[in-house]
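Asks:
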Amino acid sequence: MSIPDLSGLITKDDVNHINMGNRQIDYTSWAKITQLIKQNAPGWEFNLRQSESSNFVWSAPNGTGFFVCYFTSPEKEATADFPYPIMDHRNNPVKFAEISSRVLTDNHRRAFCACACFTFALAHEMWSQEEVRDTALKNAVTVTQPQQTKQKKQAPKAPAREPDIHQGFGERLDQSAKATVIALIKRFDVEHPEYAKWLIETFHKKFLPDTKPNLEKYWSTNLLFVPQGEFLADLIEKKSEELKAMPF
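Whatever position you read off the sequence shown (first residue = 1), add 298 for this note's numbering.
1. Could you pull the start and end residues of the alpha helix (DSSP H) that P525 belongs to?
2. Would you say L530 and I483 are within 9 Å of each other, going by their C-beta atoms?
3. Identify whether N389 lies in helix, strand or coil by the three-state DSSP scheme.
4. By DSSP's criteria, C411 is part of a beta bridge. Which residues make up the other side?
5. When you compare only the Cα positions, how much space is there between P461 and G468?
6. Is V313 near T326, with beta carbons less than 9 Å apart?
7. Helix or strand or just coil, what does DSSP make of T370?
8. Classify L513: buried if its beta carbon has 16 or more other beta carbons within 10 angstroms, exposed otherwise.
9. Apply the 10 Å Cβ neighbour rule to L304 and answer buried if 16 or more other Cβ atoms are within range, or exposed otherwise.
10. Compare the C-alpha of V392 against each of A376, S357, K310 and D379 and name the closest.
11. Quick one: residues in its chain with C-beta nearer than 7 Å to the C-beta of A261, no 5 flanking neighbours on either side, listed in chain order?
12. Are the C-beta atoms of P511 and some chain B residue less than 9 Å apart?
13. Quick check on this structure: which residue in L533, A543 and I498 has the alpha carbon closest to the alpha carbon of Y516?
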């Protein structure tokens, strides 16, 4: 069986970034990985191997769950198995009994991307951090810097824009990171609608005390800084665990 080598296909335009605190996460979306495989390795399909209990989720010795992934060729030959841990949004392994449909489907997409790298070397730059910084990201700065300089000359009001670092609230969230946190909020509100108002009130009391919250477009208006995003992620995780532990 000859396995296609899909290394070097992604470009700097395919690299997305999420800034969370002091670390930056670089990734390529599963949709882009799908497109590249369809274009460059037609007929190859992603699969999850079933466990002895006919479940797509396997149980590790400590009770956490994982997938066993592989690809099949157009001739239906299977590649080597690739185990992948099922993790929460903080990259902690999830207990088998606590794997919800959302956790399962999110990790299915992540496992697909990881297995594509393992099998085809596709988007290997995302998994070797030094190469990302030395190639794709460096090229992105080189290409865009002249344009940024030109824009500053044409926009005399640029210095008046909101600073990246706020003295009271810290570093600003970029759009990708903000979208990630808002997705966590929306999922929490769907799973626990009775606590949606509590979430806003707790956040507002923490960051905007002595003011009255305007509920219209609340999160898009008030969620602006990295410490706020980290606070919400911790708050949602703790409350979710607390509600899971309740007997009813």
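A virtual CB, placed ideally from N, CA and C, is assigned to each residue, including glycine.
Replies: By the coordinates alone:
1. Counting along the chain, the unbroken alpha helix (DSSP H) around P525 starts and ends at V524 to A543.
2. Taking 9 Å as the Cβ cut-off, L530 and I483 qualify as a contacting pair.
3. It is coil, neither helix nor strand.
4. BP columns for C411 are empty, so no partner.
5. A caution first: P461 carries a pLDDT of 49, below 50, which makes its placement in the model too unreliable to give a value.
6. Taking 9 Å as the Cβ cut-off, V313 and T326 qualify as a contacting pair.
7. In this structure, DSSP gives T370 an extended state, which the three-state scheme calls strand.
8. By the neighbour-count rule (16 or more Cβ atoms within 10 Å), L513 is not buried but exposed.
9. Only buried fits L304, as 16 or more other CB atoms lie within 10 angstroms of its CB.
10. Sorting A376, S357, K310 and D379 by C-alpha distance to the C-alpha of V392 places S357 at the top.
11. The structure shown does not extend to residue 261, since the chain is modelled only from 299 through 546, so no value can be given for it.
12. The structure shown contains no chain B, having only a single protein chain.
13. Comparing alpha carbon positions, the residue from L533, A543 and I498 closest to Y516 is I498.
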